[in-house]
Amino acid sequence: MSVSVQAQDFDIATEIAALTGARKDIGAVVTFTGLVRDTAGHETITDLELEHYPGMTEYALDMIEIKANTRWKLQASRIIHRYGKLPVGAQIVLVVVAAPHRKDAFEAAEFIMDYLKSEAPFWKKEGTPGGGKWVDAQARDLDALKRWS
Amino acid sequence: MSVSVQAQDFDIATEIAALTGARKDIGAVVTFTGLVRDTAGHETITDLELEHYPGMTEYALDMIEIKANTRWKLQASRIIHRYGKLPVGAQIVLVVVAAPHRKDAFEAAEFIMDYLKSEAPFWKKEGTPGGGKWVDAQARDLDALKRWS
Amino acid sequence: MQILYFAWLRERIGVPREELESTALTVADLVAELRSKDPRYDLAFADMRAVRVALDQQLSDLDAPLAGVREVAFFPPMTGG
Amino acid sequence: MQILYFAWLRERIGVPREELESTALTVADLVAELRSKDPRYDLAFADMRAVRVALDQQLSDLDAPLAGVREVAFFPPMTGG
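For the record, the sequence lines run as chains A, B, C and D. When we follow the working numbering, the leftmost residue of the first sequence carries the number 1, and every step to the right adds one. When we follow the working numbering, the leftmost residue of the second sequence carries the number 1, and every step to the right adds one. When we follow the working numbering, the leftmost residue of the third sequence carries the number 1, and every step to the right adds one. When we follow the working numbering, the leftmost residue of the fourth sequence carries the number 1, and every step to the right adds one.
Written as structure tokens, this is what we have:
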């Protein structure tokens with residue numbers, strides 16, 4: 001289990017290799033990568049600024065990872081979330097989960113992403129030709145949490 | 001959309017890069033990697049032999065990928081499945097799915113894996129200290145299919 | 001027609017494929033014909049609940065007609081992924 | 001105590017953090033005190049349904065007591081991931 005909150009980019013292959021290493025007991029690895037899209041609805045996006053709450057962010061990600069590891073039989077997990085100003089196409093977040101069986105790996109990765117959307121102190125501001133706009137929290141992201149309770 | 005049935009190994013980072021390329025409209029990438037585990041229940045596994053039905057395999061994977069792309073709004077997808085004798089720890093299968101939103105990417109990747117388990121003509125033979133054993137189909141893999149119908 | 005066998009069906013029957021002239025109307029008829037041919041086939045097809053069939057590379061079933069079919073494959077339930 | 005503001009709350013209030021001596025017993029009392037201080041605060045806290053609060057970096061709510069709390073953070077609903 002490990003989390004990183006960082007400005008710099010990450011490399012998925014490196015992160016997977018670091019998790020699985022020379023282990024021979026892992027059956028399934030699921031990764032999720034979130035990227036900056038060039039549109040939001042009908043609006044053109046030029047970049048994305050991610051603000052966060054240093055200290056609380058790491059604590060919240062640790063808690064989410066612990067919850068996932070308590071609920072599913074995982075062998076390894078990793079969360080990386082970037083902050084700062086990111087160009088369109090850039091990687092924002094990475095979740096990697098390793099487990100003996102695929103169902104656990106899929107569910108835990110989706111659980112982590114659902115919690116991350118609503119319980120990690122990040123705020124997105126989309127750059128548009130008309131200026132920056134704070135992204136509103138989505139009702140569907142809160143709905144996504146309900147399936148886990 | 002593309003599928004490969006091959007003896008050689010694959011590189012996840014290369015496959016993701018080939019899918020996303022210079023695109024700026026992708027919001028979520030989910031990958032699943034299946035690996036050869038060193039145990040099955042209480043049994044020690046020394047290697048895994050994967051037999052397949054050339055011709056039908058490619059057709060079945062194509063059909064599964066088309067089903068997933070019909071059901072979810074995907075931007076790109078890729079399936080690689082290996083055959084032949086694989087050592088413990090080796091990669092067996094890779095599914096990569098790119099979509100505007102995470103829910104579609106997660107569901108489509110899980111759907112593809114569930115179908116692949118029961119509808120792609122592969123058969124696994126586990127090497128054990130006592131000799132080779134054909135893997136039995138799991139009732140839970142058939143159950144997994146039911147959630148999609 | 002071409003008959004293909006995979007996994008333990010291939011091992012029990014002893015060949016991966018064979019050419020066969022048959023007048024069987026359905027898959028079930030063909031299985032009966034094969035079982036009467038040799039004890040190896042009789043053993044391999046003893047429990048048909050454990051056997052799946054594909055006709056010209058598409059999953060099918062025991063009742064399916066064989067008219068026009070060029071390739072019949074028998075195999076256990078699939079275990080890919 | 002330290003008061004922190006994030007995202008559009010930070011922008012409306014104009015500072016990311018400030019030190020404040022307060023006798024407020026609850027978060028709601030503190031919000032009332034801030035709103036009476038300056039129109040910028042009054043505007044920022046006009047719709048409390050859009051405001052979340054963390055006490056010493058743990059999510060909390062408006063009724064929570066402030067006794068012993070060193071750091072209060074106000075922010076909109078989170079949009080990570």
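Note that the Cβ used here is the ideal one computed from N, Cα and C, for glycine as well.
Among the options, nearest to residue i - alpha-carbon criterion
i, options, result
"B:Glu119", "B:Ile26, B:Ala144, B:Val97 and B:Glu15", "B:Ala144"
"A:Arg147", "A:Glu65, A:Ala108, A:Tyr83 and A:Ile80", "A:Ala108"
"A:Val93", "A:Lys85, A:Ile80, A:Asp25 and A:Glu126", "A:Ile80"
"B:Gln91", "B:Arg23, B:Leu74, B:Thr31 and B:Ser2", "B:Thr31"
"A:Val3", "A:Gly41, A:Val96, A:Ala28 and A:Thr70", "A:Val96"
"B:Ala17", "B:Thr70, B:Arg78 and B:His52", "B:Arg78"
"A:Ala68", "A:Asp136, A:Met1 and A:Ala137", "A:Met1"
"B:Val5", "B:His42, B:Arg82 and B:Trp72", "B:Arg82"
"C:Gly80", "B:Gly21, B:Asp9, B:Pro121 and B:Ala139", "B:Pro121"
"D:Arg49", "D:Met1, D:Leu62, D:Val69 and D:Arg70", "D:Leu62"
"A:Val29", "A:Thr70, A:Arg102, A:Gly21 and A:Leu86", "A:Arg102"
Partners in chain B for residue i, counting only beta-carbon separations shorter than 7 angstroms
i, result
"C:Gly81", "Gly34, Val93, Met113, Leu116 and Lys117"
"C:Gln57", "Gly55, Met56 and Tyr59"
"A:Glu110", "Phe106"
"A:Gly131", "The premise fails here: A:Gly131 is roughly 20 angstroms from chain B at the closest Cβ pair, so nothing lies under 7 angstroms."
Cutoff 7 angstroms; reference residue i; Cβ partners in own chain excluding five residues on either side
i, result
"C:Ile3", "Arg17, Glu18, Leu20 and Val72"
"C:Leu30", "Ser22, Ala24, Leu66 and Val72"
"A:Leu142", "Ser118"
"D:Trp8", "Pro76"
"B:Met113", "Phe32 and Val95"
"C:Glu33", "Ser22 and Ala24"
"A:His52", "Val5, Tyr83, Pro121 and Phe122"
"D:Ile13", "Tyr5, Arg40, Tyr41 and Ala44"
Proximal chain C residues relative to residue i, where beta-carbon distance stays under 8 angstroms
i, result
"B:Val135", "Thr79"
Cross-chain neighbours of residue i in chain B, by beta carbon under 9 angstroms
i, result
"A:Ile64", "The contacting residues do not exist; A:Ile64 stays about 15 angstroms from chain B at best."
"A:Ala7", "The premise fails here: A:Ala7 is roughly 20 angstroms from chain B at the closest Cβ pair, so nothing lies under 9 angstroms."
"A:Ala150", "Residue 150 of chain A lies beyond the stretch modelled for chain A, which goes from 1 to 149, so this question has no answer here."
"C:Pro39", "The contacting residues do not exist; C:Pro39 stays about 21 angstroms from chain B at best."
Closer than 7 angstroms at the beta carbon, the chain D residues around residue i
i, result
"A:Glu229", "Past the boundaries of the shown model lies residue 229 of chain A; chain A is included only from 1 to 149, so the question cannot be answered."
C-beta neighbour in chain E for residue i, strict 9 angstroms
i, result
"A:Pro121", "Looking for chain E here will not work: the only protein chains present are A, B, C and D."
Partner residues on chain A for residue i, Cβ-Cβ distance less than 8 angstroms
i, result
"B:Thr70", "Chain A residues near B:Thr70: none, gap ~21 angstroms exceeds 8 angstroms."
"B:Pro100", "Arg37"
Contacts that residue i makes with chain C (C-beta to C-beta distance below 7 angstroms)
i, result
"B:Thr124", "The residue you asked about is not Thr; residue 124 of chain B is Lys in the sequence shown. Chain C residues near B:Lys124: Thr79."
"B:His42", "In chain order: nothing, as chain C lies at least about 19 angstroms away."
Under 9 angstroms by beta carbon: chain A residues contacting residue i
i, result
"D:Ala73", "Tyr53, Met56 and Pro121"
Sequence-distant residues of the same chain with beta carbon closer than 8 angstroms to residue i, five excluded per side
i, result
"B:Gly89", "Leu35, Val36 and Asp38"
"A:Gln75", "Arg23, Asp25, Ile26, Ala98, Ala99 and Pro100"
"B:Gly84", "Ala7, Glu49 and Leu50"
"A:Val135", "Ala40, Trp123, Lys124, Lys125 and Glu126"
"D:Ser60", "Val27, Val53 and Ala54"
"B:Asp9", "Arg82, Ala90 and Gln91"
Spatial neighbours of residue i in its chain, beta-carbon cut-off 6 angstroms, leaving aside the 5 residues before and after
i, result
"C:Arg35", "Tyr41, Asp42 and Phe45"
"B:Tyr115", "Ile64"
"D:Arg10", "Pro16"
"B:Asp104", "Trp72 and Lys73"
"B:Glu43", "Thr128"
"B:Leu19", "Ala76, Arg78, Val96 and Ala98"
"B:Pro87", "Asp47"
Partner residues on chain B for residue i, Cβ-Cβ distance less than 8 angstroms
i, result
"C:Ala54", "Tyr53, Met56 and Pro121"
"A:Ala28", "Phe32, Thr33, Gly34 and Leu35"
Within chain A, the residues that residue i reaches when beta carbons sit closer than 7 angstroms
i, result
"D:Pro166", "In the structure as shown, chain D starts at 1 and stops at 81, and residue 166 of chain D therefore has no counterpart that could be examined."
Distance between beta carbons of residue j and residue i, contact taken as under 8 angstroms
i, j, result
"A:Ala40", "D:Met78", "Going by Cβ atoms, the distance from A:Ala40 to D:Met78 rounds to 17 angstroms, so no, they are not a contact pair."
Heavy atom of the ligand SAM within 8 angstroms of residue i beta-carbon
i, result
"C:Asp56", "Although the ligand SAM was asked about, the structure shown includes no ligands whatsoever."
Are the region 51 to 58 of chain D and the region 71 to 80 of chain D touching, with three or more C-beta to C-beta distances below 8 angstroms? Yes: the two stretches touch, three or more of their Cβ pairs being nearer than 8 angstroms.
Inspect the CB distances between the region 39 to 46 of chain C and the region 54 to 63 of chain B and report whether three or more fall short of 8 angstroms. Counting C-beta pairs closer than 8 angstroms gives fewer than three between the region 39 to 46 of chain C and the region 54 to 63 of chain B, which falls short of the contact rule.
Would the region 98 to 108 of chain A and the region 128 to 142 of chain A be scored as touching if the rule is three or more Cβ pairs under 8 angstroms? Under the three-pair Cβ rule at 8 angstroms, the region 98 to 108 of chain A does not count as touching the region 128 to 142 of chain A.
Is it the case that the region 40 to 54 of chain A contacts the region 28 to 39 of chain B, given that we only count it when at least three CB pairs across the two stretches are under 8 angstroms? Under the Cβ criterion (8 angstroms, minimum of three pairs), the region 28 to 39 of chain B does not count as touching the region 40 to 54 of chain A.
Any contact between the region 7 to 18 of chain B and the region 63 to 71 of chain B? By contact I mean 3 or more CB pairs, one from each, below 8 angstroms. Contact between the region 7 to 18 of chain B and the region 63 to 71 of chain B is absent, because fewer than three Cβ pairs lie under 8 angstroms.
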